[in-house]
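Colleague:
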Amino acid sequence: AFRRSEITEDLYEALEESLILSDVSVETATLLVDRLRERVRREGIKDVEAAYDVLQHLVAELLAEHVRPLPPPTRPPVVVVVVGVNGVGKTTTIAKLAALLKRQRHSVVMVAADTFRAAAIEQLELWGQRIGVDVVRHQMGADPAAVVFDAIQSACARKVDYVIIDTAGRLHTKHNLMEELRKIDRVAQRALGHTVDETLLVLDATTGQNALVQAREFAQAVNLTGLVLTKLDGTAKGGNVLSIAAEIPISIRYVGTGERPEDFAPFDPQRFARELLP
Amino acid sequence: SLSEKLQNLFQQLGRKGRLTEADVTEAVRQIRLALLEADVNYRVVKEFIARIKEQAVGEEVLSGLNAAQHVVKIVRDELQALLGDNGGPLANAPKPPTAYLVVGLQGGGKTTTCGKLAAHLRKGGHRPLLVATDVARPAAIQQLQVVGEAVKTPVFQLGTRVSPVDIVRAALAHAREQGFTHLIVDTAGRLHVDDVLMDEVVAVRDAVAPQEILLVLDAMTGQDAVNVAEQFNARLEISGFILTKLDGDTRGGAALSIRSVTGKPIRFLGVGEKYDALETFHADRLTSRIIG
Ligand SMILES: Nc1nc2c(ncn2[C@@H]2O[C@H](COP(=O)(O)OP(=O)(O)OP(=O)(O)O)[C@@H](O)[C@H]2O)c(=O)[nH]1
Ligand SMILES: Nc1nc2c(ncn2[C@@H]2O[C@H](COP(=O)(O)OP(=O)(O)OP(=O)(O)O)[C@@H](O)[C@H]2O)c(=O)[nH]1
Ligand SMILES: [Mg+2]
Ligand SMILES: [Mg+2]
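Those protein sequence lines, which keep their order, are chains S and E. Going by this note's numbering, the residue at position 155 of the first sequence is 1048; the numbering climbs one at a time, nothing skipped. Going by this note's numbering, the residue at position 267 of the second sequence is 453; the numbering climbs one at a time, nothing skipped.
(1) Rounded to whole angstroms, how far is the Cβ of residue 1139 of chain S from the Cβ of residue 329 of chain E, which I believe are closer than 8 Å?
(2) What does residue 485 of chain E touch in chain S if you count any residue whose Cβ is under 8 Å from its own?
(3) For residue 480 of chain E, which option in E:300, E:437, E:206 and E:269 has the closest C-alpha, if you only look at C-alpha atoms?
(4) So with Cβ pairs under 8 Å, would you call residue 1158 of chain S a contact of chain E?
(5) Which residue from E:325, E:326 and E:358 puts its Cα closest to that of residue 479 of chain E?
(6) Looking at the strands, I want to know which residues DSSP matches up with residue 140 of chain E.
(7) Would a check of beta-carbon distances place residue 910 of chain S closer than 8 Å to chain E?
(8) With a threshold of 8 Å between beta-carbons, can residue 919 of chain S be considered close to chain E, or not?
(9) Just the Cα atoms here: how many angstroms apart are residue 924 of chain S and residue 267 of chain E?
(10) Rounding to the nearest angstrom, what Cα-Cα distance links residue 424 of chain E and residue 287 of chain E in this structure?
(11) Going by DSSP, name the residue or residues bridged to residue 399 of chain E.
(12) With H, G and I counted as helix, E and B as strand and the rest as coil, what does DSSP make of residue 360 of chain E?
(13) Does chain S have any CB closer than 8 Å to the CB of residue 407 of chain E?
(14) Beta-carbon of residue 1099 of chain S versus every beta-carbon of chain E: anything under 8 Å?
(15) Can you have a look at residue 405 of chain E and say buried or exposed, based on whether 16 or more other CB atoms are within 10 angstroms of its CB?
(16) At which residues does the beta strand (DSSP E) containing residue 928 of chain S begin and terminate?
(17) List, in order along the chain, the chain E residues whose C-beta lies closer than 7 Å to that of residue 995 of chain S?
(18) Regarding residue 326 of chain E and ligand 4, is the C-beta to nearest heavy atom distance less than 7 Å?
(19) Against chain S, with Cβ distances strictly below 8 Å, would residue 223 of chain E count as a contact?
(20) Do you know offhand how far residue 910 of chain S's Cα is from residue 221 of chain E's?
(21) If you drop the 5 nearest sequence neighbours on each side, which residues of the same chain put their C-beta closer than 6 Å to that of residue 455 of chain E?
(22) So, is the C-beta of residue 431 of chain E closer than 8 Å to a C-beta in chain S?
(23) Below 8 Å between beta carbons is the criterion; list the residues of the stretch 913 to 947 of chain S that meet it against any residue of chain E, in chain order.
(24) Does the separation of the CB atoms of residue 1054 of chain S and residue 966 of chain S fall below 8 Å?
(25) Have a look at the DSSP bridge pairing and note the partners of residue 260 of chain E.
(26) Residues in the stretch 311 to 341 of chain E with C-beta within 7 Å of chain S's C-beta atoms, listed in sequence order?
(27) Taking the alpha helix (DSSP H) that residue 406 of chain E belongs to, which residues open and close that run?
(28) List the residues of chain S that residue 379 of chain E touches, going by C-beta distances under 9 Å, in chain order.
(29) For residue 1112 of chain S and residue 974 of chain S, which I take to be in contact (beta-carbon distance under 8 Å), what is that distance rounded to the nearest angstrom?
(30) Runs of 3 residues minimum, wholly inside the stretch 935 to 1022 of chain S: which ones carry the beta strand (DSSP E) assignment?
(31) What I want to know is whether the C-beta of residue 1062 of chain S ends up closer than 7 Å to one or more non-hydrogen atoms of ligand 3.
(32) Looking at chain S, which residues of the stretch 293 to 312 of chain E have a Cβ within less than 9 Å of any of its Cβ atoms?
(33) Measuring from each Cβ to the nearest heavy atom of ligand 4, keep the ones under 5 Å and list them in chain order.
(34) So, for residue 1143 of chain S: in the same chain, excluding its five sequence neighbours on each side, which residues have a beta-carbon less than 8 Å away from its beta-carbon?
(35) Is residue 302 of chain E near ligand 3 - that is, is its Cβ less than 7 Å away from at least one heavy atom of it?
(36) Give every residue of the same chain whose Cβ lies closer than 8 Å to the Cβ of residue 995 of chain S, excluding the five residues on either side of it in the sequence, and list them in chain order.
Written as structure tokens, this is what we have:
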């Protein structure tokens, strides 16, 4: 916390620094501090602690409208496609989500549609065994869209509540890989008879300003509806989601706080704001 | 680009003469913004622009365009000097086998990079052995085995019920008796703030006495890069960094942050998922990328 006794320009600069150090973009940090300045002036705030609380409030406010749980299985299967760049935690997040949904008494199936990366299918299969959830898979090198089509058809027949689809990590700069993602989306739609219920972007909290670029690019390729922020158990604060929330109509669903299935929780803006400005 | 922004800024400077403090202040603000947007650490930026300011004030310029060029050159030169060189080729032990320890946060690209290092060593006529010490991540050993096959390199593993320290000791003995020249030790991803796992990797280092301890870091890492670099370096005394996923469009400012807080060189850059996608670090290319 801050040890200054009164609200000076120094304090505003320190708060802006704190936000930027948490990976909030310069633009969003400036916006937040300007809003704080305005509130301090308008409400005649004299106390540093109070100003601090207001800033936390402003951060939580920015995120509040972006919090919404996953859709319920009113017309099963709810199909969730999980996407994102390499190594952010997609596969692990899928296992966590599947475990959570299973605890809530839903039927769940995971789909190994990363048919490219070394031992990606085995990784998801091991998770499936560990948490007691079935995994649909083909062989390595198979067309991911074919795996998806297959899995959705079978889930429709078996009336499974949730189908969670793992895809290969891909950089948004790779045109052919983004095309592949569009194809997966189209094929899923064809198998389902309607658009996919949820496309979940997984973001690493340690990522800096490229996170906004990732969100923008993935939102261009597919209809992004949700976001999961992982690795918040490190020292990175994930401030990169603020600019995303300000720009893209997306719900921040969950946070990942470790490598075990239980290290997973619904996104809480108040808590996030508190952790952002310790 | 920064260059264009500075040109617009100095357009009013139609006269020639020396750059004043006032001339430089706004330029420095643009430079600061560009570096923060590139993920360079806030405090590293602060020190950096103080030096730029020092060098830019009093510079003799011929025109507005010339002023912009001067300032950009000062920034480039300073950035390139700070990034430094790549620390030379990978070190070798006085007698084989040489061990390289590959460490870093979860998902940074260690396992893939181990494959790239194996391919790199084989090209140099060496006989590397990959060592699987990630006993935590599901199918990590299988992943390294698939990698090993792709780069025609054997993988030493003792399953997931043996400790990393015991695995690496056995690997060392195996390498000696089988005549492998290099051990590439892949480790589990870990947080710099996880004491148990940091203690574990220190123990692995002590068991294998590596010639290189390479911290693999995702190039899109933001402000947190300094914390990670500082902690890993403090506990392990790393010999350098490998920055991965530079085939993306992240500016890579983390490179400046990690080099400046540890003084350790960036050795290689990962530029793709294939095993030949490893480049030796060169400051000039990364400099252009960071400046944007
Ligand atoms: N500390 C921590 N580690 C995590 C978290 N989520 C995932 N990981 C770890 O991050 C690493 C990468 O996770 P994966 O699930 O394989 O990531 P991915 O996005 O599927 O990777 P690719 O498929 O290769 O693109 C693993 O070591 C995970 O255990 C988290 O919330 N906290
Ligand atoms: N595009 C790109 N992808 C990379 C690069 N290096 C690694 N990857 C990908 O990043 C993801 C994670 O790589 P891994 O090698 O599993 O990372 P790791 O550090 O071993 O992960 P943990 O063992 O879970 O900590 C995989 O999808 C890799 O293919 C790179 O330079 N460029
Ligand atoms: Mg995966
Ligand atoms: Mg690994």
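Glycine included, each C-beta is placed from N, C-alpha and C at the ideal position.
Modeller: From the atom records:
(1) In the first sequence, counting from the first residue as 1, residue 1139 of chain S sits at position 246. In the second sequence, counting from the first residue as 1, residue 329 of chain E sits at position 143. Their Cβ separation, rounded to whole angstroms, is 37 Å, which puts residue 1139 of chain S and residue 329 of chain E out of contact at 8 Å.
(2) In this structure chain E extends from 187 to 478, so residue 485 of chain E is not present and cannot be described.
(3) The first residue shown for chain E is 187 and the last is 478, placing residue 480 of chain E beyond what the model contains.
(4) Position 265 of the first sequence, counted from the start, is the residue given in the question as residue 1158 of chain S. Cβ-Cβ to chain E under 8 Å: no for residue 1158 of chain S.
(5) Because chain E spans 187 through 478 in this model, residue 479 of chain E falls outside it and cannot be assessed.
(6) Outside the displayed range of chain E (187 to 478) lies residue 140 of chain E, so it cannot be described from this structure.
(7) In the first sequence, the residue the question calls residue 910 of chain S occupies position 17. Closer than 8 Å to some Cβ of chain E, the Cβ of residue 910 of chain S qualifies, so yes.
(8) Locating residue 919 of chain S in the first sequence gives position 26, counting from the first residue. With 8 Å as the cut-off, residue 919 of chain S counts as an interface residue toward chain E.
(9) Along the first sequence, read from residue 1 onward, the residue named residue 924 of chain S stands at position 31. Along the second sequence, read from residue 1 onward, the residue named residue 267 of chain E stands at position 81. Near 34 Å, if we compare the C-alpha coordinates of residue 267 of chain E and residue 924 of chain S.
(10) The sequence position of residue 424 of chain E within the second sequence is 238, counting from 1. The sequence position of residue 287 of chain E within the second sequence is 101, counting from 1. Going from the Cα of residue 424 of chain E to the Cα of residue 287 of chain E covers about 9 Å.
(11) As a first step, residue 399 of chain E is located in the second sequence; it is residue number 213 there, counting from the start. DSSP lists E:287 as partners of residue 399 of chain E.
(12) Walking along the second sequence from the start, residue 360 of chain E turns up at place 174. Looking at residue 360 of chain E - three-state DSSP - the assignment turns out to be helix.
(13) As a position in the second sequence, residue 407 of chain E is number 221, starting the count at 1. Among the residues facing chain S, residue 407 of chain E is included, as its CB has a counterpart in that chain under 8 Å away.
(14) As a first step, residue 1099 of chain S must be located in the first sequence, where it is residue number 206. True, the Cβ-Cβ gap to chain E drops below 8 Å.
(15) Reading the second sequence from its first residue, position 219 is the one you call residue 405 of chain E. Buried: at least 16 other Cβ atoms inside 10 Å.
(16) As a working note, residue 928 of chain S is residue 35 in the first sequence. Segment 919 to 936 is the alpha helix (DSSP H) holding residue 928 of chain S; no beta strand (DSSP E) there.
(17) Within the first sequence, the letter at position 102 stands for residue 995 of chain S. None at all; the shortest Cβ gap to chain E is about 17 Å.
(18) Locating residue 326 of chain E in the second sequence gives position 140, where the first residue counts as 1. Flag set: Cβ of residue 326 of chain E near ligand 4.
(19) The residue you call residue 223 of chain E lines up with position 37 of the second sequence. Taking Cβ atoms only, chain S reaches closer than 8 Å to residue 223 of chain E, which makes this a yes.
(20) Taking the first residue of the first sequence as 1, we reach residue 910 of chain S at position 17. Taking the first residue of the second sequence as 1, we reach residue 221 of chain E at position 35. Cα to Cα, the separation comes out at about 14 Å.
(21) Here the question's residue 455 of chain E lines up with position 269 in the second sequence. 429, 432, 465 and 467, listed in sequence order.
(22) Taking the first residue of the second sequence as 1, we reach residue 431 of chain E at position 245. Interface residue, yes.
(23) Residues of the stretch 913 to 947 of chain S that bring their beta carbon within less than 8 Å of a beta carbon in chain E comprise 913, 914, 915, 916, 918 and 919, in sequence order.
(24) For the purposes of this step, residue 1054 of chain S is taken as residue 161 along the first sequence, with counting starting at 1. For the purposes of this step, residue 966 of chain S is taken as residue 73 along the first sequence, with counting starting at 1. The answer is yes: Cβ separation under 8 Å.
(25) Translated into positions along the second sequence, residue 260 of chain E becomes position 74. Note: residue 260 of chain E sits in no beta bridge, so no partner.
(26) Shown in chain order are the members of the stretch 311 to 341 of chain E whose Cβ falls below 7 Å from a Cβ of chain S: 324, 325, 328, 329, 332 and 333.
(27) Here the question's residue 406 of chain E lines up with position 220 in the second sequence. DSSP places residue 406 of chain E outside any alpha helix (DSSP H), giving it a letter other than H or E.
(28) For the purposes of this step, residue 379 of chain E is taken as the residue at position 193 of the second sequence. Within chain S, the residues near residue 379 of chain E are 1126, 1127 and 1128.
(29) Looking up residue 1112 of chain S in the first sequence gives position 219. Looking up residue 974 of chain S in the first sequence gives position 81. Incorrect: roughly 13 Å between the Cβ atoms, too far for contact.
(30) Qualifying beta strand (DSSP E) stretches, in chain order: 971 to 976 and 1001 to 1005.
(31) Position 169 of the first sequence, counted from the start, is the residue given in the question as residue 1062 of chain S. Checking every heavy atom of ligand 3 against the Cβ of residue 1062 of chain S, one is found closer than 7 Å.
(32) 293, 294, 295, 297, 298 and 301
(33) E:296 and E:297
(34) If you number the first sequence from 1, residue 1143 of chain S lands on position 250. Here the set comprises 959, 1094, 1108, 1112, 1117, 1118, 1119, 1120 and 1137.
(35) Here residue 302 of chain E refers to the residue found at position 116 when the second sequence is read from its first residue. No - ligand 3 has no heavy atom lying nearer than 7 Å to the Cβ of residue 302 of chain E.
(36) Counted from its first residue, the first sequence places residue 995 of chain S at position 102. Within the same chain, residue 995 of chain S has close Cβ partners 1001, 1024, 1025 and 1026.
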